[in-house]
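Novice: Residue numbers (our numbering), protein chains in the order written: chain Z, 1 to 255; chain S, 256 to 510.
Number of protein chains: 2
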Amino acid sequence: MFVQERLGAIETLLQQKHRLTVGELARHFDASEITIRRDLRLLEEAGKIVRAHGGALRINYQRPEPGFEHKAVDAVEAKAAIARTAIEELPVRGHIFVDSGTTCLEIGRRLIERNELTIVTNSIPLLALAGEAKARIVGIGGEVRPVSLALVGGVALDWLKAFHFDAAVVGASGLDGADGAFTTELSEASVKQMACAHAKLRILAAHASKWNQPASVLIAPWGRFDRFVTDVRPAKADGARLRREGVAIRVAGLR
Amino acid sequence: MFVQERLGAIETLLQQKHRLTVGELARHFDASEITIRRDLRLLEEAGKIVRAHGGALRINYQRPEPGFEHKAVDAVEAKAAIARTAIEELPVRGHIFVDSGTTCLEIGRRLIERNELTIVTNSIPLLALAGEAKARIVGIGGEVRPVSLALVGGVALDWLKAFHFDAAVVGASGLDGADGAFTTELSEASVKQMACAHAKLRILAAHASKWNQPASVLIAPWGRFDRFVTDVRPAKADGARLRREGVAIRVAGLR
DNA sequence: GATCAATTGATCATATTTGTTCGATAGTGA
DNA sequence: TCACTATCGAACAAATATGATCAATTGATC
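#1: Are any of the Cβ atoms in chain Z nearer than 7 Å to that of PHE257 (chain S)?
#2: With C-beta atoms as the reference, is LEU105 (chain Z) less than 7 Å away from ILE124 (chain Z)?
#3: Hey, quick one: how far does the alpha helix (DSSP H) through THR12 (chain Z) stretch, first residue to last?
#4: Reducing DSSP to helix, strand and coil, say where VAL147 (chain Z) ends up.
#5: Measure the Cβ-Cβ separation of LEU382 (chain S) and GLY396 (chain S) and say whether it is below 7 Å.
#6: With H, G and I counted as helix, E and B as strand and the rest as coil, what does DSSP make of VAL120 (chain Z)?
#7: So that I know if they touch, is there some Cβ in chain Z lying closer than 7 Å to that of GLU279 (chain S)?
#8: CA-CA distance, VAL375 (chain S) and PHE163 (chain Z)?
#9: Pairing CB atoms from the region 435-444 of chain S with CB atoms from the region 400-416 of chain S, are three or more of them under 8 Å?
#10: To the nearest angstrom, how far is the alpha carbon of LEU297 (chain S) from that of ARG306 (chain S)?
#11: The region 106-131 of chain Z: which residues have C-beta closer than 8 Å to a C-beta of chain S, in chain order?
#12: Any Cβ of chain Z within less than 7 Å of the Cβ of VAL305 (chain S)?
#13: Please determine, among Z:ALA167, Z:ALA172 and Z:SER100, the residue with the shortest C-alpha to C-alpha distance to VAL144 (chain Z).
#14: Could you spell out the range, first to last residue, of the beta strand (DSSP E) harbouring LYS200 (chain Z)?
#15: On a CA-only basis, which of S:ILE337, S:ARG365, S:ASP421 and S:GLY302 is nearest ARG505 (chain S)? Give me that one, please.
#16: Spatial neighbours of ARG136 (chain Z) within its chain, please: C-beta separation below 6 Å, excluding the five flanking residues on both sides.
#17: Mind checking if VAL399 (chain S) is an interface residue toward chain Z, Cβ cutoff 7 Å exclusive?
#18: Based on DSSP bridge pairs, tell me the residues matched to THR438 (chain S).
#19: Applying a beta-carbon distance threshold of less than 8 Å, which residues of chain S neighbour HIS53 (chain Z)?
#20: Here's the rule: buried if 16 or more other CB atoms are within 10 angstroms of the residue's CB, otherwise exposed. What is ASN268 (chain Z)?
#21: Quick one: using the 10 Å Cβ neighbour count with 16 as the cut-off for buried, is THR358 (chain S) buried or exposed?
#22: For GLY253 (chain Z) and ASP166 (chain Z), I'd like the C-alpha separation in whole angstroms.
#23: At the 7 Å Cβ level, is LEU151 (chain Z) part of the contact set with chain S, yes or no?
#24: With a threshold of 16 other CB atoms inside 10 Å of the CB of ALA206 (chain Z), please say whether the residue is buried or exposed.
#25: Under a three-way DSSP split, which group does HIS283 (chain S) fall into?
#26: On the three-state DSSP scale, how would you describe ALA444 (chain S)?
#27: Quick check on this structure: which residue in S:GLU288, S:GLY363, S:ARG282 and S:LYS334 has the alpha carbon closest to the alpha carbon of LEU345 (chain S)?
#28: Alpha carbon to alpha carbon, how far is HIS95 (chain Z) from LYS200 (chain Z)?
#29: Can you find a CB in chain S that lies within less than 7 Å of the CB of GLY139 (chain Z)?
#30: What are the start and end residues of the beta strand (DSSP E) that includes ARG93 (chain Z)?
#31: Can you confirm whether the region 27-40 of chain Z touches the region 7-14 of chain Z when touching is taken to mean that 3 or more C-beta pairs between the two stretches lie within less than 8 Å?
#32: Considering only the alpha carbon of each residue, which of S:GLY302, S:ALA311, S:ALA450 and S:GLU343 lies closest to ALA411 (chain S)?
See below:
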């Protein structure tokens with residue numbers, strides 16, 4: 001086996017495994033460990049991999065789950081812009097459901113200024129803002145999901161059934177041009193679905209970074225939403241698809 | 256496991272949990288504590304986390320209860336003492352209702368460490384602590400009362416009807432030797448009553464300053480409570496009355 | 001077949017990583 | 001305030017991984 005072949009093979013293996021030990025590779029190629037180390041050094045010098053003591057890691061090795069707050073901080077500006085645009089779409093009186101998540105929290109933060117409004121939410125951070133609110137704020141009950149500080153679960157759903165909203169604003173963890181909006185957890189998806197099912201106006205608010213992010217549970221296909229508020233004009237194909245499905249796109253800062 | 260992997264994993268965990276102790280991490284990775292500390296130091300030097308004595312915090316973690324803390328500064332010491340005493344009266348597993356209010360919040364703050372417990376509460380500040388909780392936390396639904404950040408109202412009551420608690424801890428705004436415990440709002444009183452009605456063990460926790468404070472709505476006469484936890488031994492007459500009604504008195508710091 | 005360059009493997013001194021011990025320090029409750 | 005406990009980090013020790021060096025092997029070329 002030629003060196004180049006081995007180098008290429010190691011790269012390929014790393015695509016599949018994200019981490020490889022020197023021992024594994026030595027066995028795999030039936031070569032000595034020192035040979036593997038030499039290969040790894042070459043690959044590292046070429047910037048193809050990251051070496052670790054005992055093996056190697058994929059270069060863009062990213063941690064298991066992207067995480068919640070991490071993204072939240074660097075997109076504050078964008079999310080504020082989305083929020084400013086989103087509230088223009090929302091009624092000044094009546095009942096509005098506001099979802100959990102950082103984008104929706106920004107929207108909620110602005111909506112609580114409207115004194116004729118009743119805001120129903122599953123977001124604990126939003127409930128915590130009630131002290132400064134002019135609007136009436138109602139929390140749906142349920143079990144707390146610690147990662148997102150959202151109220152979820154069966155009882156929350158039962159309770160939402162009894163409600164009728166003038167509008168529902170929901171967020172998403174992933175967007176897919178072909179399918180629709182996704183989230184990572186079934187229990188959260190159910191709450192979002194139920195809220196939308198009982199709302200006259202359904203608004204999806206999501207930061208552009210959510211496009212093509214993998215998230216396992218479908219909240220709803222595009223057609224179920226009336227408006228999609230985001231911060232960057234979607235790719236041509238995605239935009240066309242949305243319009244075909246009857247979703248009005250609002251791009252923050254541009255209208 | 257490579258160092259880089261552990262560092263990445265710690266970052267990911269921190270995004271989900273806000274805070275991690277060295278011990279937790281050591282167990283999680285099956286590594287020694289000193290190894291974890293070394294990792295934490297690396298992450299701190301890289302500006303990825305904030306270290307604390309005993310563990311680490313997420314870099315931009317902000318306290319989730321804004322606008323409420325200022326109230327809580329009154330009698331912190333005494334309330335902490337009451338809380339320490341109260342939790343000794345409470346089971347380590349099962350379902351416990353924890354009321355809104357600063358005293359009960361102190362109790363809840365300690366109870367969330369018990370990992371076999373389900374805590375049901377109408378206190379939004381307590382719900383906001385779920386991110387750091389070992390216990391399962393359930394919020395009852397309802398309208399938010401901004402002054403107290405408590406969930407109240409008809410829906411809250413309906414929720415409570417569905418529950419059965421091993422214990423209920425409630426607070427009060429006023430205490431009267433002759434009558435019992437009072438609060439300022441009918442809606443809050445109803446929640447407290449309903450919680451007690453569905454609990455095996457009923458604990459009233461209140462700071463001594465609440466004696467003879469005027470508060471309009473009777474929560475319940477003394478006889479409805481099993482224990483009264485406070486920070487100062489009650490006046491002779493009051494103490495006698497309580498005992499006659501079958502309420503066990505626990506004075507914080509003295510037992 | 002002899003020679004050379006390239007690659008690989010073996011050996012061993014050195015690096016790195018991890019865990020243990022123990023004195024120092026910070027937090028906690030009285 | 002003090003004493004008590006938990007946590008911390010320095011220093012050492014053990015285990016493991018690493019790379020420099022040198023020898024062996026292979027294949028190409030003369």
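Ideal Cβ positions, reconstructed from N, Cα and C, are used throughout, including at glycine.
Specialist: For this structure:
#1: Along the second sequence, one-based indexing puts residue 257 (chain S) at 2. At least one chain Z Cβ lies under 7 Å of PHE257 (chain S).
#2: Counting from one through the first sequence, the residue named residue 105 (chain Z) turns up at place 105. Counting from one through the first sequence, the residue named residue 124 (chain Z) turns up at place 124. Their beta carbons are not under 7 Å apart, which means LEU105 (chain Z) does not touch ILE124 (chain Z) by this criterion.
#3: The residue you call residue 12 (chain Z) lines up with position 12 of the first sequence. It spans 3-17 - the alpha helix (DSSP H) in which THR12 (chain Z) sits, taken as one unbroken run.
#4: Reading the first sequence from its first residue, position 147 is the one you call residue 147 (chain Z). Reduced to three states, the DSSP call for VAL147 (chain Z) is coil.
#5: Mapped onto the second sequence, residue 382 (chain S) falls at position 127. Mapped onto the second sequence, residue 396 (chain S) falls at position 141. No. Outside cutoff.
#6: Your numbering for residue 120 (chain Z) matches position 120 in the first sequence. Looking at VAL120 (chain Z) - three-state DSSP - the assignment turns out to be strand.
#7: Numbered from its first residue, the second sequence carries residue 279 (chain S) at position 24. It does not; no Cβ of chain Z falls within 7 Å.
#8: Within the second sequence, the letter at position 120 stands for residue 375 (chain S). Within the first sequence, the letter at position 163 stands for residue 163 (chain Z). Each residue's alpha carbon lies about 23 Å from the other.
#9: yes
#10: For the purposes of this step, residue 297 (chain S) is identified with residue 42 of the second sequence, where counting begins at 1. For the purposes of this step, residue 306 (chain S) is identified with residue 51 of the second sequence, where counting begins at 1. Each residue's alpha carbon lies about 10 Å from the other.
#11: ILE124, PRO125, LEU127, ALA128, LEU129, ALA130 and GLY131
#12: The sequence position of residue 305 (chain S) within the second sequence is 50, counting from 1. So, not an interface residue.
#13: Residue numbering aside, residue 144 (chain Z) sits at position 144 when the first sequence is read from its first letter. It is Z:SER100.
#14: Against the first sequence, residue 200 (chain Z) aligns to sequence position 200. Residues 199-205.
#15: Within the second sequence, residue 505 (chain S) is the residue found at index 250, counting from 1. Checking every option, the nearest Cα to that of ARG505 (chain S) belongs to S:ILE337.
#16: Working through the first sequence from its first residue, we reach residue 136 (chain Z) at position 136. Closer than 6 Å at the Cβ level, and outside the excluded window around ARG136 (chain Z), lie THR118.
#17: As a position in the second sequence, residue 399 (chain S) is number 144, starting the count at 1. VAL399 (chain S) counts as touching chain Z.
#18: Residue numbering aside, residue 438 (chain S) sits at position 183 when the second sequence is read from its first letter. Paired residues: S:VAL472.
#19: Here the question's residue 53 (chain Z) lines up with position 53 in the first sequence. PHE257 and VAL258, listed in chain order.
#20: With chain Z covering only 1 through 255, there is no way to say anything about residue 268 (chain Z).
#21: Translated into positions along the second sequence, residue 358 (chain S) becomes position 103. With 16 or more Cβ atoms within 10 Å of its Cβ, THR358 (chain S) is classed as buried.
#22: As a working mapping, residue 253 (chain Z) is identified with position 253 in the first sequence. As a working mapping, residue 166 (chain Z) is identified with position 166 in the first sequence. For GLY253 (chain Z) and ASP166 (chain Z), the distance between alpha carbons rounds to 25 Å.
#23: For this step, residue 151 (chain Z) is matched to residue 151 along the first sequence. So yes, LEU151 (chain Z) belongs to the interface.
#24: The sequence position of residue 206 (chain Z) within the first sequence is 206, counting from 1. Buried, by the Cβ-count rule.
#25: Here the question's residue 283 (chain S) lines up with position 28 in the second sequence. Residue state, collapsed to three classes: helix.
#26: Residue mapping note: residue 444 (chain S) aligns to position 189 of the second sequence, counting from 1. Helix.
#27: Along the second sequence, read from residue 1 onward, the residue named residue 345 (chain S) stands at position 90. LEU345 (chain S) has its Cα closest to that of S:GLY363, out of S:GLU288, S:GLY363, S:ARG282 and S:LYS334.
#28: To locate residue 95 (chain Z), count along the first sequence from 1; it is residue 95. To locate residue 200 (chain Z), count along the first sequence from 1; it is residue 200. Each residue's alpha carbon lies about 10 Å from the other.
#29: The residue labelled residue 139 (chain Z) in the question sits at position 139 within the first sequence. Closer than 7 Å to some Cβ of chain S, the Cβ of GLY139 (chain Z) qualifies, so yes.
#30: Counting from 1 along the first sequence, the entry for residue 93 (chain Z) is found at position 93. 93-98 is the span of the beta strand (DSSP E), which, as asked, contains ARG93 (chain Z).
#31: yes
#32: Indexing the second sequence from 1 puts residue 411 (chain S) at position 156. With distances taken between Cα atoms, ALA411 (chain S) lies closest to S:ALA450.
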